[in-house]
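Colleague: Below you'll find the structure I mean.
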Amino acid sequence: MESTPFTLIEPRLMASWPLYLLASALTVAALMAAIWLWSLKRRDVSMVDAFWAPGFAVILWTLLILTRNITPFTLLLVFLTSFWAIRLGFYLAGRWLAHGEEDRRYAAMRAHHAGRFGRVSLYTVFGLQAALMWLIALPLQLALLTVPSPPLGLFGILGTALFLLGFALEAAADAQLHAFKANPENEGKVMDRGLWGWSRHPNYFGNAMLWWGLFLLAAETEAARWAFFAPVLMTFLLLRVSGVRLLEKTIAKRRPDYEDYKTRVNAFVPLPPGWRKRHKISNADKRST
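Each residue of the sequence shown is one higher than the one before, starting from 129 at the first, in the working numbering.
Right, dumping it as structure tokens:
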């Protein structure tokens, strides 16, 4: 018989795993539909960002409650994800409430679609995010649906350590940026201190790290390894779609010193301050000789 991911690992998955995955998909879809209805009332879809991280926790808690597969392994996986979701969710909610108006990304989409944006946003914003959350969470879901749960091995230890490091990096970067923006004297200036002197987007790098950590932890189960695309997808989104690329398209117009900042500081992977500029000078010297 031809081998497929699920024929290979089916004996280790719960018998009703398709129904459980369907339940988690419907739950996150219902959550995003409710937030969409709220956005129609407020004429502001920016709140969707605040529910991005909590949406992952909702998916995992749905499975944990339905399956009752409560073990040290599943609790660690769910609690780590929830820990991250609560922190980032509150941080983004606070930023949204303080901003007072629709995020420029969504305002541009609203202007483009004119009176149709209310309907269009259901699938271009809320539906899309629900689908992405479910896909990125798939290895974690498969890990929760695996019985018996595995003991914590090398993958789990490395994954937990990577998660904690990424979580600390993301949280510290967010805190540093928040403090910088809270000072009126920094209006229009570029944040290039602390972690932001090592990477132009240390928060995104930390986010990618913690998701690779969660995947490694989930990879203690055979089933989760078949969803290796999930952390790749998250990293791709952070680098090429909604993260680095999108932000850097417009930030130079709002921060005149940003072009100089780009010559000094690496975009994603943290490197020592000045390394990028010194490296470019060194390469230029080699080419001139």
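Yeah, the Cβ is synthetic: ideal placement off N, Cα and C, and Gly gets one too. From a predicted model like this one, the values you see are computed outputs, not experimental measurements.
Expressed to the nearest angstrom, what Euclidean distance is found between the alpha-carbon atoms of residue 230 and residue 388?
Modeller: Taking the straight line joining both Cα atoms gives about 29 Å.
Colleague: Rounded to the nearest angstrom, how far is the Cβ of residue 178 from that of residue 212, given a contact under 8 Å?
Modeller: About 14 Å separates the two Cβ atoms, so there is no contact after all.
Colleague: For the putative contact between residue 442 and residue 187, defined by C-beta atoms under 8 Å, what is the C-beta separation to the nearest angstrom?
Modeller: The question about residue 442 has no answer here: the residues shown for the chain are numbered 129 through 417.
Colleague: Going by beta-carbon coordinates alone, are residue 376 and residue 335 separated by less than 7 Å?
Modeller: Not in contact: residue 376 and residue 335 (Cβ atoms no closer than 7 Å).
Colleague: Would the beta-carbon of residue 288 fall within 7 Å of that of residue 345?
Modeller: Against a cut-off of 7 Å, the Cβ pair of residue 345 and residue 288 comes out as a contact.
Colleague: Could you have a look at residue 280 and say whether DSSP puts it in helix, strand or coil?
Modeller: Reduced to three states, the DSSP call for residue 280 is coil.
Colleague: Where does residue 141 fall in DSSP's three states?
Modeller: DSSP places residue 141 in strand when its eight states are reduced to three.
Colleague: Along the chain, where does the alpha helix (DSSP H) that runs through residue 326 open and close?
Modeller: That residue, residue 326, is in no alpha helix (DSSP H); it is neither H nor E in DSSP.
Colleague: Which one of 176, 303 and 278 has the shortest CA to CA distance from residue 200?
Modeller: Answer by Cα proximity: 278.
Colleague: Contact defined as beta carbons within less than 8 Å: I believe residue 183 pairs with residue 261. What is the distance between those atoms, to the nearest angstrom?
Modeller: The Cβ separation is near 4 Å, so the contact holds.
Colleague: What are the complete alpha helix (DSSP H) segments, minimum 4 residues, inside the stretch 160-201?
Modeller: Here the runs fully enclosed are 180-195.
Colleague: Which residues in the same chain as residue 361 place their Cβ atom closer than 7 Å to its Cβ, once the five residues preceding and following it in sequence are excluded?
Modeller: Answer for residue 361: 263 and 264, listed in chain order.
Colleague: Using a Cβ-Cβ cutoff of less than 7 Å, which residues in the same chain neighbour residue 337 once the five nearest sequence positions on both sides are dropped?
Modeller: Excluding residues within five positions, the ones whose Cβ falls inside 7 Å are 290, 293, 294 and 297.
Colleague: Taking only the alpha-carbon atoms, compute the straight-line gap between residue 250 and residue 402 and give it to the nearest angstrom.
Modeller: Whole-angstrom Cα-Cα distance: 44 Å.
Colleague: May I ask you to verify whether the stretch 239-257 touches the stretch 154-169, counting CB pairs closer than 8 Å and requiring at least 3?
Modeller: These segments touch.
Colleague: Note down the Cα distance separating residue 379 from residue 319, rounded to an integer number of angstroms.
Modeller: Their backbone Cα atoms lie some 12 Å apart in a straight line.
Colleague: Tell me, to the nearest whole angstrom, how far the beta carbon of residue 173 is from that of residue 234; I am working on the premise that it is less than 8 Å.
Modeller: About 5 Å separates the two Cβ atoms, so the contact holds.
Colleague: What is the residue span of the alpha helix (DSSP H) that residue 246 lies within?
Modeller: Element bounds for residue 246: 245-249.
Colleague: Looking only at DSSP bridge pairs, what is residue 274 linked to?
Modeller: Answer by DSSP bridge pairing, in chain order: 141.
Colleague: CB-CB under 8 Å to residue 372, same chain, minus the five flanking residues each way: which ones, in chain order?
Modeller: Correct list, in chain order: 328, 329, 332, 366, 395 and 396.
Colleague: Relative to the C-alpha of residue 144, which candidate in 191, 169, 165 and 167 has its C-alpha closest?
Modeller: The candidate whose alpha carbon is nearest that of residue 144 is 191.
Colleague: Enumerate in chain order the residues of its own chain whose CB-to-CB distance from residue 339 is below 6 Å, with the five nearest sequence positions on each side excluded.
Modeller: So the qualifying residues of the chain are 359 and 362.
Colleague: For residue 347, count the other beta carbons within 10 Å of its own beta carbon; 16 or more makes it buried, fewer makes it exposed. Which is it?
Modeller: Classification for residue 347: buried.
Colleague: Kindly indicate which three-state DSSP category residue 302 falls into: helix, strand or coil?
Modeller: In this structure, residue 302 counts as helix in the three-state DSSP scheme.
Colleague: Tell me which same chain residues have a C-beta within less than 8 Å of the C-beta of residue 227, skipping the five on either side of it?
Modeller: Result list for residue 227: 174, in chain order.
Colleague: For residue 223 and residue 147, I'd like the C-alpha separation in whole angstroms.
Modeller: Rounded to whole angstroms, residue 223 to residue 147 spans 37 Å at the Cα level.
Colleague: Short of 7 Å in beta carbon distance, which residues of its chain neighbour residue 284, apart from the five on each side in sequence? Order them along the chain.
Modeller: These residues qualify, in order along the chain: 345 and 348.
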